[in-house]
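First comes the structure, then the notes that go with it.
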Amino acid sequence: MSKVVNIMGIPFDNLTKQDLIDKLSDPEMTKGFIVTANPEIVMATRNNDDYKKSVLSADYVIADGIGVIIASKWLKQPLQERIPGFELMMSMIDYASSARKSCYFLGASEEVNLKAVEQLKIQYPQLIVAGHHHGFFDLKDEAIVKQVREANPDFIFVALGMPRQEQWIAKNIESFSKGVFMGVGGSFDVAAGEVKRAPDIWIKLNLEWLYRLIKQPFRWKRILKVFDFIFRIIFRKY
Ligand code: UDP
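Going by my numbering, the first residue of the sequence shown is number 433, and it counts up by one from there.
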């Protein structure tokens, strides 16, 4: 079994969600950058060198999106499992609250950010929230970086959407002495209860993307990217 699977120049770590949580509980792992990459992210790295550099600077690149799993199978280097970013975030929060590690929540609208933190505190009464801030700021805003750094969090969830979240992390992680960073896309919207994830059966059948498309038809362009990605994998047009 390959430890790393290269898909269109992006090295995916062949890890399960549990493997990652085990790594996080290693006392040596005090700083890190996790990218949960879906086909859209892989495609975005193709014509954006700066973004590609940000993704390649991650310590772990995890397969989020069934398209990435299909691609790995097609390349005869199957990745063990799909790890949806939202599920990894929730497992990290679960671990953080039992291990007394603190979390920072950066991103989404002010309202969603507040609601997400409120909901997570209800779900995990032990959760230590080091701080939180909405995601509508200038990426160059140093005051935000300072604010997060001074909160001294163990885990920093960054929900700015791609490519902004990975770019923000890659640009700023150097100035932190500790903290595991992860871009989580629309996960705060789900945690806040604003966006519903697909029912389990859709997830099991690997049709979460279709459910999202039906619920948010304005995302159709994104789905085209997934088909473009699969097409390129099949015909080796990287
Ligand atoms: N967002 C943000 N700042 C921005 C743009 C977006 O905080 O400048 C938030 C937005 O409110 C949403 C998340 O980033 O909560 C992006 O969600 P989406 O589902 O689009 O994530 P993606 O699929 O792009 O990773």
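Note that beta-carbon positions come from the ideal geometry of N, C-alpha and C, so glycine has one too.
Quick caveat, the model's predicted, so the values are computed rather than measured.
Which residues does DSSP pair with residue i in a beta bridge?
| i | result |
| --- | --- |
| residue 536 | 563, 588 |
| residue 671 | This structure leaves residue 671 out entirely; the chain is present only between 433 and 670. |
| residue 445 | 436 |
| residue 492 | 466 |
Along the beta strand (DSSP E) that carries residue i, what are the first and last residues, could you check?
| i | result |
| --- | --- |
| residue 468 | 463-469 |
Looking at the unbroken alpha helix (DSSP H) that takes in residue i, where does it start and where does it end?
| i | result |
| --- | --- |
| residue 665 | 652-666 |
| residue 640 | 640-647 |
| residue 581 | 574-583 |
| residue 637 | From DSSP, residue 637 is part of no alpha helix (DSSP H); its letter is neither H nor E. |
| residue 511 | Taken as a continuous stretch (DSSP letters only), residue 511 belongs to no alpha helix (DSSP H), as it is neither H nor E. |
| residue 554 | 542-555 |
| residue 608 | From DSSP, residue 608 is part of no alpha helix (DSSP H); its letter is neither H nor E. |
| residue 526 | 517-531 |
Does the Cβ of residue i lie closer than 7 Å to at least one heavy atom of the ligand UDP?
| i | result |
| --- | --- |
| residue 591 | yes |
| residue 568 | yes |
| residue 573 | no |
| residue 594 | yes |
| residue 621 | yes |
| residue 534 | no |
| residue 607 | no |
| residue 487 | no |
| residue 544 | yes |
| residue 539 | yes |
| residue 563 | no |
| residue 617 | yes |
Quick check on the burial criterion: 16 or more other C-beta atoms within 10 angstroms. Buried or exposed for residue i?
| i | result |
| --- | --- |
| residue 670 | exposed |
| residue 597 | buried |
| residue 667 | exposed |
| residue 599 | buried |
| residue 433 | exposed |
| residue 607 | exposed |
| residue 538 | buried |
| residue 642 | exposed |
| residue 705 | Limits of the chain in this structure are 433 at one end and 670 at the other, which puts residue 705 out of reach. |
| residue 554 | exposed |
| residue 490 | buried |
| residue 628 | exposed |
| residue 494 | buried |
| residue 605 | buried |
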